[in-house]
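Q: Just add 130 to the spot in the sequence shown (first one is 1) and you have my numbering.
The structure's right below; bear with me while I get my questions together.
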Amino acid sequence: MSTMRHVGVWFATALVVVGIAGGVSAGPDPKLAQADNLFAEGRKLMDEHKSAEACDKFSQAIELDPTAAGTMLNLGLCNEALKKYKTALYWFRRAQVRASETGLAPFEQAAKEHTASLAALVASISVSIAAPAPPGVTVTIDGATVPASDFARVEVDPGPHALDARASGSKKIHQDFTVEGQGGQTLTLAFEAGPDSELIDPGKNRRRIGIITAIGGGVLIAIAGGIGLHEHQAEEALPHSDPMATTDEICAASAANGLSCKHRESIAADWGNGVFVVGLAAVAAGAILYITAPDKQRVSSSAFAPIVTPTSFGVALSGSF
Numbered sequence: 131m132s133t134m135r136h137v138g139v140w141f142a143t144a145l146v147v148v149g150i151a152g153g154v155s156a157g158p159d160p161k162l163a164q165a166d167n168l169f170a171e172g173r174k175l176m177d178e179h180k181s182a183e184a185c186d187k188f189s190q191a192i193e194l195d196p197t198a199a200g201t202m203l204n205l206g207l208c209n210e211a212l213k214k215y216k217t218a219l220y221w222f223r224r225a226q227v228r229a230s231e232t233g234l235a236p237f238e239q240a241a242k243e244h245t246a247s248l249a250a251l252v253a254s255i256s257v258s259i260a261a262p263a264p265p266g267v268t269v270t271i272d273g274a275t276v277p278a279s280d281f282a283r284v285e286v287d288p289g290p291h292a293l294d295a296r297a298s299g300s301k302k303i304h305q306d307f308t309v310e311g312q313g314g315q316t317l318t319l320a321f322e323a324g325p326d327s328e329l330i331d332p333g334k335n336r337r338r339i340g341i342i343t344a345i346g347g348g349v350l351i352a353i354a355g356g357i358g359l360h361e362h363q364a365e366e367a368l369p370h371s372d373p374m375a376t377t378d379e380i381c382a383a384s385a386a387n388g389l390s391c392k393h394r395e396s397i398a399a400d401w402g403n404g405v406f407v408v409g410l411a412a413v414a415a416g417a418i419l420y421i422t423a424p425d426k427q428r429v430s431s432s433a434f435a436p437i438v439t440p441t442s443f444g445v446a447l448s449g450s451f
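Quick look at the structure:
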């Protein structure tokens, strides 16, 4: 199957290492064998007119064997069948170059023919920089850098895309746009002076909640202490004759005092301790919220990106809000 991917006979090179114990030879690269299988599966899917599935197989194969002109050509064919002409052209052009380098004339000719036929079908847009144009403009579409020399005609596949643009001393521009048919719209980028990033604090609210929770816990702890103090004072206020008597002596002064003290101690234990535990837990939770809150970070500033199409005009605002 490697003959199909490379149009030639693949030979495994034996690597012989001579030593005291003798020699060892290396077998065929398992990656190439896997690439052969994926290529065969892709060709079968192409025969079954399952172009999307075939593209997936060819994409896996080219990752294992990036130099296979046959796989490049078939990636062009399956994307052409899906009407992804920009992507198809990319692979046909790569196949043409690779076939020329390796002397594969049939592949080179096939790639040339498909490139010529698709050039008139591929969708395109244009990118315009509104005056005054800042220095150091860089534009990417779907993560791929667009050379300034291509701004007048940027080849794209139909469907949704994302444009990002940066320039020295200007805010970053981000714009989502959709291409239908053969495109034709112009994306006019008006850069706004300012830093291309701003400091945001995603953990601000979390830290605020943590502080409030901890303060609330502190208040509960204070209330718990107040409950204990109140009940202690109530015990000291029970009837007794000795002004120097301790709380235990006051409680033991009479049966009524004893019952009252037990009631006061029960309130302090049940309510005071319960409120104290809840308050302590709130303080701990508040501390955890504060400590684990996300740090401040810089993100791209927002900017306006005008959109001009053959039939309409609009403007997109994007960035961080």
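Each residue gets a CB set at the ideal place from its N, CA and C atoms; glycine is no exception.
What residues are listed by DSSP as bridge partners for L319?
A: I259, per the DSSP bridge assignment.
Q: Expressed to the nearest angstrom, what Euclidean distance is found between the alpha-carbon atoms of G311 and P288?
A: Straight-line Cα distance between these residues: approximately 6 Å.
Q: For D425, write down the residues that DSSP places opposite it in a beta bridge.
A: In DSSP, D425 forms no bridge with anything.
Q: Please report the straight-line C-alpha distance between A198 and F237, rounded to a whole angstrom.
A: Cα to Cα, the separation comes out at about 11 Å.
Q: Our contact map puts L212 next to K187 with C-beta atoms below 8 Å; I'd like the distance itself, whole angstroms only.
A: Not a contact, Cβ separation roughly 14 Å.
Q: For K161, is the classification buried or exposed, using 16 other Cβ atoms within 10 angstroms of its Cβ as the cut-off for buried?
A: So K161 counts as exposed.
Q: Can you list, in chain order, the residues of its chain whose CB lies under 7 Å from that of G299, leaving out five sequence neighbours each side?
A: Once the five neighbours on either side are set aside, the close Cβ partners of G299 are P264 and A323.
Q: Are the segment 407-424 and the segment 359-376 touching, with three or more C-beta to C-beta distances below 8 Å?
A: No, the segment 407-424 does not touch the segment 359-376.
Q: Measure the C-alpha to C-alpha separation of S230 and T318 and round it to an integer number of angstroms.
A: Cα-Cα distance, rounded: 39 Å.
Q: If you draw a straight line from the alpha carbon of C391 to that of I421, how long is it in whole angstroms?
A: Whole-angstrom Cα-Cα distance: 43 Å.
Q: Quick one: residues in its chain with C-beta nearer than 7 Å to the C-beta of K242, no 5 flanking neighbours on either side, listed in chain order?
A: Hits under 7 Å: Q226.
Q: Could you check what DSSP says for R270 in three-state terms: helix, strand or coil?
A: Here residue 270 is Thr; the residue named in the question, Arg, does not match the sequence. Strand, per DSSP.
Q: What does the Cβ neighbour count give for K174, buried or exposed, with the cut at 16 atoms within 10 Å?
A: Exposed, because fewer than 16 other Cβ atoms sit within 10 Å of the Cβ of K174.
Q: Assuming V269 and V276 make a contact with CB atoms under 8 Å, what is their CB distance in whole Å?
A: Going by Cβ atoms, the distance from V269 to V276 rounds to 5 Å, so yes, they are a contact pair.
Q: Using a threshold of 9 Å, state whether the C-beta atoms of K214 and G333 are closer than that.
A: Against a cut-off of 9 Å, the Cβ pair of G333 and K214 comes out as no contact.
Q: Relative to the C-alpha of R338, which candidate in R394, P325, P424 and L234 has its C-alpha closest?
A: For R338, the nearest C-alpha among the options comes from P424.
Q: Going by the beta-carbon positions, is the gap between F222 and L194 smaller than 9 Å?
A: No, these two residues do not count as a Cβ contact at 9 Å.
Q: Just mark N204 as buried or exposed, buried being the case when its beta carbon has 16 or more other beta carbons within 10 Å.
A: The residue in question, N204, is buried, as its Cβ has 16 or more Cβ neighbours within 10 Å.
Q: At the level of alpha carbons, what is the spacing between A398 and A354?
A: Those two C-alpha atoms are separated by around 8 Å.
Q: Between G416 and the rest of its own chain, which residues show a CB-CB distance below 7 Å, the 5 nearest in sequence each way excluded?
A: Counting only Cβ-Cβ distances below 7 Å, and skipping sequence neighbours, we find G340, I341, T343, A344 and G347.
Q: DSSP state of P160, grouped into three classes?
A: Helix, per DSSP.
Q: Considering just the uninterrupted stretch of the beta strand (DSSP E) at H291, what are its terminal residues?
A: Run containing H291: G289 to R296, per the beta strand (DSSP E) assignment.
Q: Can A292 and D306 be called in contact, C-beta distance under 9 Å?
A: Yes; because the gap between Cβ atoms is below 9 Å, this pair is in contact.
Q: Might you give, ordered along the chain, the residues of its own chain that have their beta carbon closer than 8 Å to the beta carbon of I357, omitting 5 neighbours on each side?
A: Closer than 8 Å at the Cβ level, and outside the excluded window around I357, lie I397, A398, W401, G402 and V405.
Q: Between V284 and S256, which are expected to be in contact by the criterion C-beta below 8 Å, what is the C-beta distance as a whole number of angstroms?
A: About 7 Å; that satisfies the 8 Å criterion.
Q: Distance check for E365 and R394, CA to CA, integer angstroms please.
A: Those two C-alpha atoms are separated by around 7 Å.
Q: Reducing DSSP to helix, strand and coil, say where S254 ends up.
A: S254: strand per DSSP, three-state reduction.
Q: According to DSSP, simplified to helix, strand and coil, what is D177?
A: In this structure, D177 counts as helix in the three-state DSSP scheme.
Q: 9 Å is my cut-off, CB to CB: does S189 come that close to chain D?
A: The structure shown has no chain D; it contains just one protein chain.
Q: Using DSSP with H/G/I as helix, E/B as strand and the rest coil, what is F281?
A: If DSSP states are grouped into helix, strand and coil, F281 belongs with coil.
Q: Please identify the residue among K301, T308, V309 and G388 whose C-alpha is closest to the C-alpha of A320.
A: It is K301 whose Cα lies nearest to the Cα of A320.
Q: By the 10 Å Cβ neighbour count, where 16 or more other Cβ atoms means buried, how is H179 classified, buried or exposed?
A: So H179 counts as exposed.
Q: On the DSSP bridge assignment, give the partners of D306 in chain order.
A: DSSP lists A292 as partners of D306.
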